[in-house]
Amino acid sequence: SQQGEEDPQALSIQEGENATMNCSYKTSINNLQWYRQNSGRGLVHLILIRSNEREKHSGRLRVTLDTSKKSSSLLITASRAADTASYFCATDPSMDSSYKLIFGSGTRLLVRP
Amino acid sequence: DVKVTQSSRYLVKRTGEKVFLECVQDMDHENMFWYRQDPGLGLRLIYFSYDVKMKEKGDIPEGYSVSREKKERFSLILESASTNQTSMYLCASSQPGLAVYNEQFFGPGTRLTVL
Chain A
762 SQQGEEDPQA
772 LSIQEGENAT
782 MNCSYKTSIN
792 NLQWYRQNSG
802 RGLVHLILIR
812 SNEREKHSGR
822 LRVTLDTSKK
832 SSSLLITASR
842 AADTASYFCA
852 TDPSMDSSYK
862 LIFGSGTRLL
872 VRP
Chain B
3 DVKVTQSSRY
13 LVKRTGEKVF
23 LECVQDMDHE
33 NMFWYRQDPG
43 LGLRLIYFSY
53 DVKMKEKGDI
63 PEGYSVSREK
73 KERFSLILES
83 ASTNQTSMYL
93 CASSQPGLAV
103 YNEQFFGPGT
113 RLTVL
């Protein structure tokens, strides 16, 4: 079953604008991770936020985590055409010690030049 | 850098054929995973392995089996391919020593078409 659900499913913005994607999950977690997937390729890890953290930055990426609402957001600032990809959140459930991650269905981001 | 490779980028097989998808990682990771990815459904876990010869079923193991004879290699087997197994297959690995982080490293994927 899918724990993470991203919103929106698809997003189209102009180059230079900010892109915000949201993720909701159902159970308690150790951490939440965001991955990126270029069309027809594997996933690449972008950023991880632990359950005791509220915000994290990496370059143009900003991730927030609200464990009380079981939600996270990924903000990409000053977007570029090269940011066009699908973005997935993945949760590491704290009650599961098997090192599995639960992936959502993803947000497809299109950045128009 | 961790490198995860998959034996084929594209594969076309006929219904009923036995299909082997191979995955190799070069960073001595103990955990390896097979996912399938379908539009609108995200990534669904088929099987994972936490050690040589050890395996556990994921969410959708029906119609699949796996083999892990060596630490670096994790094979996904479709015993008798069916058209509903047409999909993108992704392999990943992770290292339990980094369990608090649990980042997974993915291969490029194999797009399998079953005719």
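Protein chains in written order, with the working numbering: chain A, 762 to 874; chain B, 3 to 117.
From the three backbone atoms N, C-alpha and C, an ideal C-beta is built for every residue, glycine too.
Contact between Gln-8 of chain B and Leu-23 of chain B holds, with the beta-carbon distance rounding to 7 Å and staying under 8 Å. For Asn-783 of chain A, the uninterrupted beta strand (DSSP E) segment begins and ends at 780 to 785. When DSSP states are grouped into helix, strand and coil, Asp-844 of chain A belongs to the helix group.
When secondary structure is reduced to three states using DSSP, Pro-63 of chain B falls in the coil class, being assigned neither helix nor strand. For the options A:Ala-771, A:Gln-770 and A:Ala-780, the alpha carbon positioned closest to that of Ala-839 of chain A is the one of A:Ala-780. Assigned with DSSP and collapsed to three states, Thr-17 of chain B falls in coil, not helix or strand.
When the beta-carbon positions are compared, Ser-847 of chain A and Gln-775 of chain A stay at least 9 Å from each other. When C-beta distances to chain A are compared with 9 Å, the residues of the segment 103 to 115 of chain B below that value are Tyr-103, Asn-104, Glu-105, Gln-106, Phe-107, Phe-108, Gly-109, Pro-110, Gly-111 and Arg-113, in chain order. Using a Cβ distance threshold of 9 Å, Cys-93 of chain B and Leu-78 of chain B count as a contacting pair.
The Cβ atoms of Ser-812 of chain A and Asn-792 of chain A lie closer than 9 Å to each other. Against chain B, a Cβ distance below 9 Å from Tyr-786 of chain A picks out nothing, because the smallest value is about 13 Å.
Within the same chain, Cβ atoms closer than 7 Å to the Cβ of Ala-842 of chain A are found at Glu-776, Val-872 and Pro-874, the five residues on either side in sequence being excluded.
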